[in-house]
Amino acid sequence: MLTRTTLVQREHHWCLQINTWCESNAVRAYFKAVSRLGDGAIWYTLMALVILADGWDGLGVSAHLAATGCTALFMYRRLKRWTRRARPCNKDARIRAWVAPLDEFSFPSGHTLHAVAFSLVAIAHYPVLAWVLVPFAASVGASRVVLGVHYPSDVIAATAIGSALAGVSLWLVPGASLFS
1 MLTRTTLVQR
11 EHHWCLQINT
21 WCESNAVRAY
31 FKAVSRLGDG
41 AIWYTLMALV
51 ILADGWDGLG
61 VSAHLAATGC
71 TALFMYRRLK
81 RWTRRARPCN
91 KDARIRAWVA
101 PLDEFSFPSG
111 HTLHAVAFSL
121 VAIAHYPVLA
131 WVLVPFAASV
141 GASRVVLGVH
151 YPSDVIAATA
161 IGSALAGVSL
171 WLVPGASLFS
């Protein structure tokens, strides 16, 4: 039977192994770029583009994305203050932070939470975006572990929270659905 200690040790081992991928310049450049775009630039650009492409309807979608994003921001900040989980790069000197963390704590990954929530809401409105947003959101989540600033469980939890948030958001907004 797996104990909590065993799971923590295994996750830590994975962090050590995955973090070494950034020793490759190409891998490091890719994940740093993805992480930087996940800071918000991609989402602001997406909101502007849907307004340009769809006028008033796009403005409604942008407002939906903005409301979801603000809720995600509130949720992840509260969770981080509540859990106060140290980042892997702060817990073990062998794990290098290849980017500067935006805040002090690790759980959950705010980048991943936002990427998942934004992607699911955007895809509900514009299903054609799935081919670019799904791989991007997955890359954002992976980048946080590869770059040494999150544990895999931070990313998994953020994926679940972001999915739930998007589900509630889509339920509250008539006409938007991932299943239409």
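The numbering of the sequence shown is the numbering used here, which starts it at 1 and goes up by one. Heads up, the beta-carbon is just placed ideally off N, CA and C, and yes, glycines get one too.
CA-to-CA distance, residue j to residue i, given in whole angstroms
i: Thr83; j: Phe107; result: 7 Å
i: Val155; j: Thr112; result: 6 Å
i: Ala26; j: His114; result: 25 Å
i: Ala181; j: Gly148; result: Since the first residue of the chain shown is 1 and the last is 180, residue 181 is not available in this structure.
i: Ala158; j: Arg85; result: 14 Å
i: Trp14; j: Tyr44; result: 33 Å
i: Pro127; j: Ala93; result: 43 Å
i: Trp21; j: Ala164; result: 31 Å
i: Pro49; j: Glu11; result: In the sequence on display, residue 49 carries Leu and not Pro. Roughly 39 Å between the two C-alpha positions.
i: Met47; j: Phe118; result: 10 Å
Reduced DSSP category for residue i - H, G, I as helix; E, B as strand; rest coil
i: Ala48; result: helix
i: Phe107; result: coil
i: Ala100; result: coil
i: Ala212; result: What is shown of the chain runs 1 to 180, which leaves residue 212 out entirely.
i: Leu2; result: coil
i: His114; result: helix
i: Tyr225; result: As displayed, the chain neither begins before 1 nor continues past 180, which places residue 225 out of reach and without an answer.
i: Tyr126; result: coil
i: Asp57; result: helix
i: Pro135; result: helix
Exposure label - residue i; buried when at least 16 CB within 10 Å
i: Ala166; result: buried
i: Val140; result: buried
i: Pro88; result: buried
i: Arg77; result: exposed
i: Arg144; result: buried
Whole-number beta carbon distance between residue j and residue i, since they are thought to touch under 8 Å
i: Gly162; j: Val116; result: 3 Å
i: Lys32; j: Val132; result: Going by Cβ atoms, the distance from Lys32 to Val132 rounds to 19 Å, so no, they are not a contact pair.
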